[in-house]
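Scroll down for the structure; my scribbles are underneath it.
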Amino acid sequence: MTIPVVFAPLVPWPLIAGLAAIALAFGGIGLLRRARGAWLRLAGLLFLLAVLAGPRWQVRTTAPLPDTIVVIRDRSPSMAIGRRAALAAAAYRHLAATVPKGVTLRTVAVAGDGHDGTPLFSALKAALSGIPPGELAGIVAITDGEATDAPPSRLPDGVPVSALIPAAPGQTDRALSLISAPRYGLVGHKVTLRFVVRDHGVEDRGTAVPVGISVDGHTVHVVSARVGQTETVPLDVSHAGRAVVAVSAAPLAGEVSRTNDQAVFHLDGVRRRLTVLLIAGRPNPGLRAWRLLLKSDPAVRLVNFTILRLPDEPMPAPLRDMALIPFPVDQLFDRDIGKFDLIILDQFANDDLLLPPYLANIARHVRAGGALLVEAGPEFEGNRSIADSPLGPILPVRPYGAGTVTGAFTPQLTREGLRDPVTARFARDSLGPWYRYETVQRRRGVTLLRVPGVAAPLLVLAHEGKGRVAMLLSDQFWLWARGALAGDAAMRGPAAALLGRTVHWLLGDPSLAARQLHASIAAGRLSIRRIGPDGPPGSVTVTAPDGRTMTIALHRTAPGRFAASLSAGGPGVWRVAGGGRTAYAAAADEDPAEQRDLAASSRIFAPLARRSGGRIVWLAHDPAPGWQGLYRRRHASIVTGERDVKLPPAIPGVLLGLLLIVAGWWRERA
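Encoded structure:
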């Protein structure tokens, strides 16, 4: 309770001031003359002036306000490391159960999203905006100490700031950060990767650390990186399409987590304009279809030669009247053969137009990584067959049996074709008829199209050395293209799509590989897909970002297609291995602020606690801290009532003043 004095004058203050001056003057004269009643008269006059000034006692009643302590609970992904979450939860329960009388807790949870880190101080600022400064008794953060926003330059005066850290002091952590990760690269060229390895909680700048770099699960580099120094590594872009690049540093002894020791990014290989060499052994109806299909692709530069006459054929006209271009065999198949990404032989026979050394060059080019597509017709049998040339060893089939068979049939996908990525998408397409095929014996590779009933191969794909070979064992492919152009549904088939996918397989597109393993993360779940031979689903081994491994059973979704799914909360790199293949998935493509330093630390909160008189508590050593030093009582209150009491009352005050004046006169007369 407080009793302040206020005034409610009965007359204006200037009049009171004038009367006070007169009263003091008369009183002073009496005192100077040593009059016996001067003091009584002066007291009476002043009492009358006090009545005119209207003094009042303002009586207020108040009620105490509770002290408020703001508790910031860090629930960011880094708090899931080790026993941090359990220690933090236990400490909060203990504080909530032992909160002193007259104190209230205002709890604010900071989840963080793994991209912007842990904005502890932004959450604190928002919480403080709703608390009167006089009620704030303390600020307590239950956190690993790794806030990613800056602390405020000024905190409320007299309010202790404390941190309860759910760990033991002296933790260490190693983090690998991508400085520059290329997203695209030209196939056959190099791109530059830049990264840095940092160690937290230990002074080892400049120490060499082994860092492995893998592409699509295959290790391509192991470099010795210096801690704290930016490293630059060139990477080869070996194929078109998406590749998964994983960069992983060797672990730091005793570090709290391996989650941020590695990083994953996607590198999309972009091909330069493809150079395709198309050689037609003779003019044929399919040649126009081949040219239209290839020239419609802006990414293809087509070089086309059609053999119109053989060297030993008689000239139908004098040489000076001929407009034929000589076949540049030496330039094409000796000097420039390495420039061709794909060689297509359309109904090409071994007619001594290409001497054995040139055919051997083609075979050598394929084994070194080139691609060959052969469309075979009747010329594939007999003495003119290229199967009996230096090309024979790289071809997956040989002539066999009846040779050329004539008669209508509808091509059919084989069991392998129904699940192979090259042809699986055509399982529901209606295919038009063909009228001729070649009987062969398959020596290797996989048959995707066949003749129904007799199971004769029509489309065979095979690997040869570092290169690839495809054989189409019918010269009727052009019928599908003509049906599509003419709008004839009965003759139509996926001519452009089948050719395009076959060509992309020949060029090494990983999305068309017969065996694949994919992993991706969306909405907090890891999705796994495996493509391969049909059979038992099997299982894969999954390695979590923290190093935990688990075996996950797959389930069959379609012939040759298997899948699984599991929860994958929090950022980091997940590794999936199975069937001789490895896939990676990252919860965040970018290096998140949350992962830059996972070691619990007091470096941010220690200066705040020191300036404000707060505490730093390591919960691993003191799991149930008391409230001492975490807050200060503020004794704030609120006014609940107010009333005024006149001092003195008007009439009794006037009578008392007059009585004093009369007493002074009587004293002077006595």
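According to numbering that gives the first Met the number 0, the stretch in the sequence shown is residues 0 to 669, in order.
The C-beta atom is built at its ideal place from N, Cα and C for all residues, glycine as well.
> For the region 503 to 546, which segments carrying the beta strand (DSSP E) assignment without a break, of at least 3 residues, lie completely within its bounds, in sequence order?
Replying inline: 515 to 521, 524 to 530 and 538 to 542
> Excluding five sequence neighbours on each side, which residues of the same chain lie with their C-beta closer than 8 Å to the C-beta of residue 233?
Replying inline: 189, 190, 191 and 192
>> Short of 8 Å in beta carbon distance, which residues of its chain neighbour residue 223, apart from the five on each side in sequence? Order them along the chain.
In response: 207, 208, 209 and 210
> Are three or more beta carbon pairs between the region 436 to 455 and the region 549 to 564 nearer than 8 Å?
Replying inline: Per the Cβ contact rule, the region 436 to 455 is not in contact with the region 549 to 564 (fewer than 3 Cβ pairs under 8 Å).
>> Mapping the DSSP letters down to three states, classify residue 589 as helix, strand or coil.
In response: Summary for residue 589: the model assigns pLDDT 49, below 50, so the residue's position carries little reliability; its value from the coordinates is reported in the next sentence. Correct three-state label for residue 589: coil.
> Distance, Cα to Cα, residue 275 vs residue 205?
Replying inline: So the two alpha carbons sit approximately 50 Å from each other.
> Between which two residues does the beta strand (DSSP E) harbouring residue 219 extend?
Replying inline: 217 to 225
>> Using a Cβ-Cβ cutoff of less than 8 Å, which residues in the same chain neighbour residue 271 once the five nearest sequence positions on both sides are dropped?
In response: 185, 186 and 187
> Got a sec? Which residues, its chain only, sit under 7 Å from residue 303 by beta carbon, not counting five neighbours each side?
Replying inline: So the list reads 277 and 290, once near-sequence residues are dropped.
>> For the pair the region 237 to 246 and the region 65 to 74, tell me if three or more CB-CB distances fall below 8 Å.
In response: Too few Cβ pairs lie closer than 8 Å, so no.
> Per DSSP, residue 235 is paired with what?
Replying inline: 189
>> When you compare the region 523 to 539 with the region 234 to 243, are there three or more beta-carbon pairs, one atom per stretch, that lie closer than 8 Å?
In response: no
>> Between which two residues does the alpha helix (DSSP H) holding residue 604 run?
In response: 604 to 611
> Would DSSP call residue 138 helix, strand or coil?
Replying inline: strand
> Just checking my contact of residue 156 with residue 121 at CB under 8 Å: how many whole Å lie between their CB atoms?
Replying inline: Wrong, their Cβ atoms sit about 21 Å apart, outside the cutoff.
>> By the three-class DSSP mapping on this structure, what secondary structure does residue 259 have?
In response: Three-state result, residue 259: helix.
> Are the beta-carbon atoms belonging to residue 72 and residue 106 less than 8 Å from one another?
Replying inline: yes
> Can residue 396 and residue 439 be called in contact, C-beta distance under 8 Å?
Replying inline: yes
> By the 10 Å Cβ neighbour count, where 16 or more other Cβ atoms means buried, how is residue 152 classified, buried or exposed?
Replying inline: exposed
> Beta-carbon separation of residue 76 and residue 593 under 8 Å?
Replying inline: yes
> Three-state secondary structure (DSSP) at residue 54?
Replying inline: If DSSP states are grouped into helix, strand and coil, residue 54 belongs with the strands.
> Rounded to a whole number of angstroms, what is the C-alpha to C-alpha distance between residue 252 and residue 602?
Replying inline: 22 Å
> Given residue 677, which residues of its chain have a CB within under 6 Å of its CB, disregarding the five upstream and five downstream residues?
Replying inline: As shown, the chain starts at 0 and ends at 669. That puts residue 677 outside it, with no answer to give.
> Who are the near neighbours of residue 408 in its chain, counting only those whose CB is closer than 7 Å to its CB and skipping five residues on each side?
Replying inline: The residues are 432, 433, 450 and 451.
> Taking Cβ positions, are residue 493 and residue 238 nearer each other than 8 Å?
Replying inline: no
> Are the C-beta atoms of residue 38 and some chain D residue less than 8 Å apart?
Replying inline: The structure shown contains no chain D; it is built from a single protein chain.
> Whose C-beta lies closer than 6 Å to the C-beta of residue 526 among residues of the same chain, with five residues either side of it excluded?
Replying inline: 519 and 564
>> To test your reading of the DSSP string, which unbroken alpha helix (DSSP H) runs of 4 or more residues are found completely within the region 434 to 461?
In response: Fully contained in the region 434 to 461 is no alpha helix (DSSP H) run of length 4 or more.
> If you drop the 5 nearest sequence neighbours on each side, which residues of the same chain put their C-beta closer than 6 Å to that of residue 445?
Replying inline: Cβ within range, chain order: 415 and 460.
> Around the C-beta of residue 549, are 16 or more other C-beta atoms found within 10 angstroms, so that it is buried, or is it exposed?
Replying inline: Counting Cβ neighbours within 10 Å, residue 549 comes out exposed, since fewer than 16 surround it.
> Grouping DSSP H, G and I as helix and E and B as strand, with all else coil, what is residue 411?
Replying inline: Three-state result, residue 411: strand.
> Who does residue 566 pair with in a DSSP beta bridge?
Replying inline: 524
>> Checking the sheet assignment: what are the DSSP bridge partners for residue 264?
In response: 244
> Between which two residues does the beta strand (DSSP E) harbouring residue 174 extend?
Replying inline: Secondary structure note for residue 174: its beta strand (DSSP E) is the uninterrupted segment 172 to 179.
>> On a Cα-Cα basis, can you pick out the residue from 393, 266 and 100 that is closest to residue 180?
In response: 266
> Near residue 546, what residues of its chain come up, given a Cβ to Cβ distance below 7 Å and the 5 sequence neighbours on each side ignored?
Replying inline: 257
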